[in-house]
Structure formats: C-alpha cells, structure tokens
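To keep things clear, I will list the structure first and then write my remarks on it.
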Ligand code: D5M
Ligand code: FE
Ligand code: ZN
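In this note's numbering, the protein residues as written are 381 to 961.
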C-alpha cells in the first residue's frame with residue numbers, strides 16, 4: 381500500500397512531506413483520503429504546478445475525514461518510515477507563544493520503546509539556557525562586525541570607486557559552476573527510488589569513510605565470523621533507542637545485513653557522540669563482540685567515526701565576496717532601506733575610504749535563497765505581504781538587484797519561499813517566474829544546494845532547511861547556534877542528515893545533499909541569524925536576513941539579526957557588515 385499511495389500522488393505531480401505521508405498512511409482509509417486530497421488540490425488554485433503538500437495543507441482542507449487508526453492498528457512500516465524514538469514533539473501547527481527555553485523542556489512523544497534522554501546538564505556539550513546565549517554572532521564574538529559609515533561621498537571620490545562608471549576590466553574566466561542539480565531530477569516518486577537513494581547515500585559516504593585510517597580494514601556485516609572479536613564496520617543507522625539502564629542500542633545495516641550495537645552509558649565520550657547520531661546517517665563503527673554463534677553477538681561499541689572533512693588550506697583571494705540570503709522582497713517586513721544602503725555601498729556611494737575600497741573589491745555576490753517572500757508559504761502569510769504576486773515580487777527583486785553595479789557577478793539559488801519545488805534538491809528558480817531577473821546579464825541561477833568555484837574559492841551554497849531538522853532533533857542545537865549545525869553537517873558530510881523530518885527530500889536516484897567535495901566556504905541562510913565559525917579551515921557562514929521578525933518567527937521565538945552582510949574580503953578575511961543601527 382505504501383507504494384500505492386506514493387505513486388498515486390507522484391502521478392499527479394504532488395510531493396508529500398514525510399509528515400503528510402505519515403498522516404495519510406495512518407488514517408482510517410488512506411486510499412480514499414489520498415483521492416480526496418488529490419481532487420481538492422487539483423481543483424484549487426494550484427492546477428498544473430508541482431504541488432508540495434505538508435500536514436498543514438491537509439489539515440486546512442475542509443470536509444476531509446482525518447480520523448486516525450487506533451494506535452494498535454498501525455503496523456510499523458519499513459525502517460525508513462518508522463518514528464524515531466528520541467524526538468521533540470512534531471509540531472504540525474505553530475505552538476502557543478512560549479519562550480524557546482520552555483519549548484525545549486517539553487517531553488517528547490512517548491512510544492513503547494522510548495526512554496528519557498540523559499539530562500542535558502550532565503553533558504558538557506549540552507545547550508546552554510537561551511538567556512545566556514549572546515544574540516549576535518554567537519560562538520564568534522563581535523570583533524569582526526563593521527558598521528558601514530553613513531558618510532556620503534563627494535563627486536570626485538565617486539569616480540574612483542564606482543567601477544561600473546569606468547571601463548570594466550573584470551574577468552570571470554575563472555568562475556566555474558562545480559555542481560548544479562537543476563536539470564538532474566529524474567525521480568518518478570516511486571518507492572524503488574527511495575531504496576536507490578539510500579543505497580547511493582551509503583555508497584558515497586562509505587567511499588569517504590573507508591579512507592579514514594581507523595577503518596582501513598572495514599568489513600561487511602555478513603563477513604563477520606563466529607570467532608571474530610574486533611569489528612570494523614561502515615553502516616547506516618536504522619534505529620536508535622535508549623535502554624532502561626541508560627545505554628544506547630543502535631540498529632545498523634549495510635547492504636549485506638543488519639545488527640544491534642550497544643553504546644554503554646559508562647563511556648562518556650561515546651554516549652555524547654551517540655546523542656547526536658541520526659537515523660539514516662552513515663558512520664564507521666569500531667566494536668567488540670564475544671566469540672560465539674551470531675545470535676549472541678551483541679557488539680559493544682568502542683568508537684564511532686564520522687565521515688568528517690580533512691583540514692583545508694586557507695585560500696588567499698584578491699577579490700571580495702558578499703554572502704546574502706533571505707531578503708524576502710515582497711514582504712511588508714522586508715527592510716528595503718537597509719537593502720538599498722547595502723547596494724549603494726556596493727556601488728561605492730558611501731562609507732569610509734577603507735569601506736569603499738572594500739566595496740570596490742567585491743567581485744561576487746551570492747543570494748542563497750528566499751530572495752522573495754513568495755506566496756502561501758505559511759498560514760496567513762498574505763496578511764504580511766506588500767506584494768501579493770510572485771512574478772511582481774521577482775520584478776521588484778530585479779529592480780533592486782539591478783541597481784548593483786553590473787561587474788559584480790550575482791549567483792541566485794532558491795529557498796523555501798522561492799518559486800521552485802519545496803523538496804530538496806531544489807532546481808533553479810525557473811525563468812517563467814523571474815523573467816526580469818533573467819534579463820540581467822550579471823545573474824546566474826543555480827540549484828539549492830549547489831557548488832561554485834569563485835576563481836578557485838570553492839563555495840557550497842545551501843539554503844538551510846536541514847538546520848530546522850537538526851534543531852528539532854537534538855537538544856544540542858538551536859537556531860541561534862546554527863554555526864554548530866554547520867559544523868555537524870561537515871562532520872556528517874550531509875546537509876540534511878535527518879531524512880524526513882521537516883526537510884522534504886526528493887527521492888532522487890542520487891543523494892545530492894551529500895557533501896562530496898570539501899568546500900572552502902559553507903554558506904547557509906534560512907534561519908535569519910548570522911553566525912560564523914571556522915571548522916578545519918572551512919568558513920561556515922550563515923548570512924542572516926534583510927527581514928525583521930515575522931509573526932511566524934514570533935511564535936517560534938526566533939529573533940533575527942537583520943541587515944548584516946558577511947564578506948570574505950581580499951586576503952580571505954571574514955567580516956560582517958552592518959547596514960542598520
Ligand atoms: O524561515 C525563517 C525562520 O523560521 C528560520 O529561522 C527558520 C524558521 N522556520 C521556518 N520554517 C520552519 C518550520 N517549519 N519549523 C520551525 N522553524 C521554521 P523562512 O524560510 O524564511 O520562513
Ligand atoms: Fe528565509
Ligand atoms: Zn528559508
């Protein structure tokens with residue numbers, strides 16, 4: 381039946397979020413409900429588009445019978461669909477207003493297998509209470525924040541810095557698109573693809589893991605012999621549960637078999653590592669078992685090995701790159717004045733002498749998703765829209781971005797507010813919605829995620845919905861400390877390690893969210909909070925936003941850091957430029 385439901389929707393070009401799929405699957409009559417939803421969607425204003433459907437969309441439909449099966453009726457599906465046991469509650473609608481600290485204290489939904497997590501306070505890496513966290517630039521301090529001065533420039537200075545007024549000598553021969561998945565979506569949404577998708581993830585990540593010295597002698601699960609005691613495995617995690625005694629029992633598999641591995645509560649380092657294990661991630665496991673028949677071979681974990689990244693040499697660059705995202709043009713909370721100040725600064729119109737020189741050196745600008753606010757992204761969004769038409773929003777974006785001097789190359793990738801499918805990887809924003817932006821000569825449209833080489837500086841651009849999943853899935857992460865999440869992405873070599881939480885992933889034949897190539901810069905957005913971290917030489921940058929707090933963010937107590945633009949300046953130094961008081 382699983383395949384039947386998925387195929388039913390896929391044939392109609394509808395992409396179900398994993399939560400929506402669960403809702404349908406667990407309803408009293410999944411097939412009927414599917415048909416009703418399809419009819420309602422196809423008769424509505426979506427008509428021919430690829431339609432993303434989440435739980436809220438379904439719950440907001442009138443006249444549907446959403447009665448659920450009794451809990452005992454639900455036969456557990458395959459491992460990929462089963463509920464993880466250690467999750468914060470799934471919030472299918474915005475919760476009542478509360479502080480984030482309160483929200484974190486809520487108990488997870490209990491299942492028969494669930495047991496309490498160790499108390500966060502006992503763990504060194506545990507989340508510090510919200511009030512103790514610095515709001516701006518968490519984890520990095522504020523010494524690199526530069527307030528762009530308001531001083532307007534006199535006429536003679538203007539000529540010196542405005543490159544678009546003089547002959548442009550800019551050469552983009554060394555700009556390369558290293559990865560763009562826009563034209564690589566061949567999924568038909570069938571269940572077989574999901575299996576292939578996970579096989580591909582395993583293949584890619586095991587290829588990275590087998591280069592780790594600790595795993596040089598790794599073996600497949602079906603090659604384990606009775607008398608063997610030392611195990612060296614590369615596996616995908618299918619289930620994690622904690623036992624009554626506080627140990628973790630993880631169920632792992634490779635393409636030859638599966639087995640349980642016990643992480644003892646007495647091993648502090650390992651328990652800490654196990655806390656952030658995610659279902660479907662691929663890791664190396666060093667374990668020991670007693671010699672004897674395979675039924676008794678419960679293995680005790682000695683070490684867990686992440687794919688991780690090697691240290692990267694710092695790249696010297698002779699140009700500047702500005703990183704932006706989440707501009708949200710079209711929203712009534714878009715800070716147009718601050719954005720115009722930013723574009724005018726880029727053009728050399730104001731700032732101190734030193735700041736104008738910095739602007740003059742900028743060669744690349746990245747817009748990592750949510751350039752516009754879109755329409756119908758969350759309930760009642762239209763009440764906060766200044767421009768209620770998606771094409772008109774992109775026209776306005778073209779007007780604002782079109783003011784930037786034309787010798788800066790602008791790379792635009794989609795976010796969840798853009799006119800692209802919601803499932804990741806997201807193809808580039810199509811020309812039909814953004815004709816006016818496509819007309820600008822200096823703009824490149826790429827997928828989310830995508831990788832570019834800016835004259836040798838490799839930048840992995842990812843909007844960042846996977847950050848939401850990690851925040852919901854672990855007490856160690858928060859929206860404010862998304863720098864920690866970016867480091868975790870690099871250690872796990874994956875941009876959405878928690879398949880099927882909030883990030884709807886398209887069941888492609890290839891897992892494009894694996895971090896195949898180690899970048900010099902990992903650029904994310906989405907959370908609207910600037911952060912910076914340097915992990916093994918890799919700049920981890922979250923580019924914040926140009927939007928003030930929305931009603932939706934108030935509900936989740938997300939406090940944005942608007943109008944701060946990160947830059948990697950000449951020489952490869954990171955700074956954060958402030959365009960607001
Ligand atoms: O995301 C704006 C902010 O809202 C960002 O901090 C993430 C948060 N956000 C967005 N969607 C969700 C969901 N579904 N759950 C929790 N938090 C979320 P934007 O993409 O600009 O709307
Ligand atoms: Fe956004
Ligand atoms: Zn977003």
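Here a beta-carbon is modelled for each residue, glycine too, at the ideal position from N, C-alpha and C.
Here the segment 831-842 makes contact with the segment 678-698; the two share three or more CB pairs at distances below 8 Å. The nearest non-hydrogen atom of ligand 1 is 8 Å or more from the C-beta of residue 437. No Cβ-Cβ contact shorter than 9 Å links residue 603 with residue 872. About 19 Å separates the beta carbons of residue 752 and residue 702, which is beyond the 8 Å limit, so they are not a contact pair. CA-CA distance, residue 587 to residue 596, rounds to 11 Å.
Cβ atoms of residue 804 and residue 739 stay farther apart than 8 Å, at about 33 Å. Here the C-alpha atom of residue 650 lies approximately 8 Å from the C-alpha atom of residue 681. Sixteen is the threshold: since fewer than 16 other Cβ atoms of the shown chains lie within 10 Å of the Cβ of residue 897, the residue is exposed. According to the DSSP assignment, residue 527 belongs to the beta strand (DSSP E) that extends over 525-527. Segment contact: the segment 708-718 against the segment 766-778, three or more CB-CB distances shorter than 8 Å; contact assigned.
Counting only runs of 4 or more residues that sit fully inside the segment 744-785, the alpha helix (DSSP H) segments are 770-781, in chain order. Where residue 610 is concerned, there is no enclosing alpha helix (DSSP H), although the beta strand (DSSP E) around it starts and stops at 610-622.
In the three-state DSSP reduction, residue 637 falls in the strand class (E or B).
By the Cβ-count criterion, residue 668 is exposed, with fewer than 16 other Cβ atoms from all chains shown falling within 10 Å of its own Cβ. The criterion of a C-beta distance shorter than 9 Å is not satisfied by residue 773 and residue 932. Annotation: the continuous alpha helix (DSSP H) that includes residue 818 extends over 815-818. Around residue 956, the same chain offers 517, 524, 525, 526, 910, 912, 944, 945, 946 and 947 as residues with beta carbons nearer than 8 Å, after the five sequence neighbours per side are excluded.
At least one heavy atom of ligand 1 lies closer than 8 Å to the C-beta of residue 852. Residue 716 carries a helical assignment under DSSP once its states are collapsed to helix, strand and coil.
For the pair residue 922 and residue 861, the Cα-to-Cα distance works out to about 10 Å. Taking 9 Å as the cut-off, the Cβ atoms of residue 904 and residue 843 count as close. In the DSSP annotation of this structure, the continuous segment of the beta strand (DSSP E) that includes residue 840 starts and ends at 837-842. In this structure, 746 is the residue among 726, 746, 646 and 755 with its C-alpha nearest to the C-alpha of residue 902. Excluding residues up to 5 positions away in sequence, 820 lie with their Cβ nearer than 7 Å to the Cβ of residue 782 in the same chain. With contacts defined as CB atoms closer than 9 Å, residue 607 and residue 679 fail to qualify as a contacting pair. Cα atoms of residue 645 and residue 581: separation of roughly 29 Å, rounded to the nearest angstrom. Take residue 715, set aside five residues on each side of it, and the residues of its chain with a beta-carbon closer than 6 Å to its own are 926, 942 and 943, in chain order.
In the displayed model, residue 722 falls within a helix according to three-state DSSP. Under the three-state reduction of DSSP, residue 435 is assigned to helix.
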